[in-house]
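From first to last, the protein sequence lines stand for chains A and B. Going by the numbering used here, the residue at position 162 of the first sequence is 188; the numbering climbs one at a time, nothing skipped. Going by the numbering used here, the residue at position 53 of the second sequence is 79; the numbering climbs one at a time, nothing skipped. The C-beta atom is built at its ideal place from N, Cα and C for all residues, glycine as well. Given the structure is predicted, the values throughout are model-derived calculations rather than measurements. Note sheet for the following structure.
Number of protein chains: 2
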Amino acid sequence: MALEHAILVSLAERSASGYELARRFDASIGHFWSATHQQIYKVLGRMESDGLVSVELVAQDGRPDKKVHAITDAGRAELRRWTAEPTPPERLRTAFAVKLRALPFGDRDAIVDDVRRQRAHHAEVLAYYEQSAARFYPDPTTLSEADLGGWLVLRGGIRTEQGAIAWCDEILQTLEER
Amino acid sequence: MALEHAILVSLAERSASGYELARRFDASIGHFWSATHQQIYKVLGRMESDGLVSVELVAQDGRPDKKVHAITDAGRAELRRWTAEPTPPERLRTAFAVKLRALPFGDRDAIVDDVRRQRAHHAEVLAYYEQSAARFYPDPTTLSEADLGGWLVLRGGIRTEQGAIAWCDEILQTLEER
DNA sequence: ATGGACATGTAAGCCGTTACATGATTTG
DNA sequence: CAAATCATGTAACGGCTTACATGTCCAT
């Protein structure tokens, strides 16, 4: 299960409470592996029993106590083991493609509207990625080892969104000219 | 649930047994919405109770009987209703991106091997899509209404795979030059 | 006679979403 | 005074995977 490994990566970068992890999954990491706080708490509990993370209860003033989770040596070993394993090819689930295929049986104008909406969404995400790139990696020619992975993932996100926008444009052009 | 709608699209194109549907989900449709035969049988059962599909038992000689499922008027209405609904933006789940992010904590050589493996896989899928395009849509300038959706989906697949290959090349170049 | 294609299912279990639940503190 | 933020969970349910189960016909 990859949520476990996404959590290990995040905790390897910096220890965190379940709540803090959930916020990270709302932002950076979550753009490539989403998870809700409920799921995170559940998995975190299992990971503790498995010895992959350790827990320290931290009292705070003016705020609820929190459980700070840190990656253990066993967690680091598991992360390393996982990276050495081939990634199985992922099977896609693209509702948008199914809808396109439904063109002859559906509401054409509504589908065109949907394509425009998808395009706008991809443009938004692209802008967000490009801002993140400019902010966090202002000089990509000199990246530290620690930054390399994050930068490459962002590059993939940017490419993906650019590709999706180009596809939407091709769809719109094809549908409008007939 | 989109499996339901993927099945409706497939049955709108041509009536089929559960087994035949499963084979389609192994091939064409399945490249964009995967499903196993177990899942298909289960959903098909529910769709029958809901009146979205009708079932006719067909006896065959030399082969087991089959249940041929056809889309009903209610099924067509549901398909049309669904196409008129906005597609919710999909949250990605990309284990490969998580693994890249794990670069500083993992086995670098193994990850590079994995990138090469991913690249090879995407190249295979791309070749398959391009062959499908050449075989089923030899003249894309004159597409029938019925073919439009399938063609556009294939175009998206081709773009996606090309983008993935280009990303892999960028990763390999970045990792090899340091 | 072994294995693959055809054909349809059940059962167990995990993963994940949605809804529900609580309670303090800060900000508008 | 209401809403957002911080913080952690439980419960119900649905989707999906994996394993198990059965049986015929055809080709090698």
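Residue i, buried or exposed, once every other Cβ within 10 Å from all chains shown has been counted against 16
| i | result |
| --- | --- |
| Ala172 (chain A) | exposed |
| Arg50 (chain A) | buried |
| Ala146 (chain A) | exposed |
| Phe58 (chain B) | buried |
| Tyr45 (chain B) | exposed |
| Ser214 (chain B) | Lying before the first or after the last residue shown, residue 214 (chain B) is absent from chain B, which here runs from 27 to 204. |
| Val79 (chain A) | buried |
| Met27 (chain A) | exposed |
| Phe122 (chain A) | buried |
| Leu129 (chain B) | buried |
| Lys68 (chain B) | exposed |
| Glu104 (chain A) | buried |
| Asp140 (chain B) | buried |
| Thr109 (chain B) | buried |
| Ala190 (chain B) | buried |
| Gly71 (chain A) | exposed |
| Ala85 (chain B) | exposed |
| Leu126 (chain B) | buried |
| Glu39 (chain A) | buried |
| Ser75 (chain B) | exposed |
Residue i: contacting residues in chain A (beta-carbon distance under 9 Å)
| i | result |
| --- | --- |
| Gly77 (chain B) | Correct list: empty, because the minimum Cβ distance to chain A is about 17 Å. |
| Pro90 (chain B) | Ordered by position in chain A, no residue passes the 9 Å Cβ test against Pro90 (chain B), which lies about 28 Å from the chain. |
| Ala103 (chain B) | Those within 9 Å of Ala103 (chain B) in chain A number zero; the least Cβ separation is about 10 Å. |
| Glu203 (chain B) | Near Glu203 (chain B) there are no residues of chain A at all, since even the closest Cβ is about 11 Å away, more than 9 Å. |
| Glu196 (chain B) | Leu178, Arg181, Gly182 and Arg185 |
Min CB distance residue i to chain B below 8 Å
| i | result |
| --- | --- |
| Leu47 (chain A) | no |
| Arg72 (chain A) | no |
| Glu116 (chain A) | yes |
| Arg106 (chain A) | yes |
| Arg161 (chain A) | no |
| Phe58 (chain A) | yes |
| Thr200 (chain A) | yes |
| Ala149 (chain A) | no |
| Ala136 (chain A) | yes |
| Ala28 (chain A) | yes |
| Thr168 (chain A) | no |
| Thr120 (chain A) | yes |
| Ala153 (chain A) | no |
Contact list for residue i against chain B, beta-carbon separation under 8 Å
| i | result |
| --- | --- |
| Pro35 (chain A) | For the sequence presented, residue 35 (chain A) should be read as Val rather than Pro. Correct list: Val124, Arg127, Ala128 and Phe131. |
Inter-residue Cα distance where the pair is residue i and residue j
| i | j | result |
| --- | --- | --- |
| Gly77 (chain B) | Leu152 (chain A) | 42 Å |
| Asp52 (chain B) | Phe131 (chain B) | 36 Å |
| Arg119 (chain B) | Glu187 (chain B) | 17 Å |
| Leu34 (chain A) | Lys93 (chain A) | 16 Å |
| Gln144 (chain A) | Ala32 (chain B) | 19 Å |
| Ala159 (chain B) | Gly182 (chain B) | 11 Å |
| Met73 (chain A) | Val81 (chain A) | 10 Å |
| Gly175 (chain A) | Trp177 (chain B) | 35 Å |
| Leu29 (chain B) | Leu47 (chain B) | 12 Å |
| Pro112 (chain A) | Tyr154 (chain B) | 22 Å |
| Arg107 (chain A) | Cys194 (chain B) | 22 Å |
| Arg102 (chain A) | Glu116 (chain B) | 31 Å |
| Gln199 (chain A) | Glu156 (chain B) | 21 Å |
| Arg134 (chain A) | Leu180 (chain B) | 19 Å |
| Asp91 (chain A) | Val124 (chain B) | 30 Å |
| Thr98 (chain B) | Asp99 (chain A) | 58 Å |
Short CB-CB distance (under 8 Å) between residue i and chain A
| i | result |
| --- | --- |
| Thr109 (chain B) | yes |
| Gln144 (chain B) | yes |
| Thr62 (chain B) | no |
| Gly189 (chain B) | yes |
| Gly44 (chain B) | no |
| Ile66 (chain B) | no |
| Arg50 (chain B) | no |
| Arg185 (chain B) | yes |
| Ala38 (chain B) | yes |
| Ala192 (chain B) | yes |
| Ala100 (chain B) | no |
Proximal chain A residues relative to residue i, where beta-carbon distance stays under 8 Å
| i | result |
| --- | --- |
| Val179 (chain B) | Ala123, Leu126 and Arg127 |
| Gly175 (chain B) | Leu126, Arg127, Ala128, Leu129 and Pro130 |
| Glu156 (chain B) | In chain order: nothing, as chain A lies at least about 16 Å away. |
Span of the beta strand (DSSP E), counted from its first residue to its last, around residue i
| i | result |
| --- | --- |
| Glu82 (chain A) | Val79 to Val84 |
| Ala96 (chain B) | Lys92 to Ile97 |
Range of the contiguous alpha helix (DSSP H) that encloses residue i
| i | result |
| --- | --- |
| Asp140 (chain A) | Arg134 to Phe162 |
| Gly189 (chain A) | Glu171 to Glu202 |
| Phe51 (chain B) | Gly44 to Asp52 |
| Leu29 (chain B) | Ala28 to Glu39 |
| Phe122 (chain A) | Ala121 to Arg127 |
| Glu74 (chain B) | His63 to Ser75 |
Partner residues on chain A for residue i, Cβ-Cβ distance less than 7 Å
| i | result |
| --- | --- |
| Pro112 (chain B) | Asp140 and Arg143 |
| His95 (chain B) | Simply none; closest approach about 16 Å. |
Any non-hydrogen atom of the ligand GDP closer than 7 Å to residue i Cβ
| i | result |
| --- | --- |
| Ile55 (chain A) | The ligand content of the structure shown is nil, which means the ligand GDP is not present either. |
Cross-chain neighbours of residue i in chain B, by beta carbon under 7 Å
| i | result |
| --- | --- |
| Glu171 (chain A) | Pro130 |
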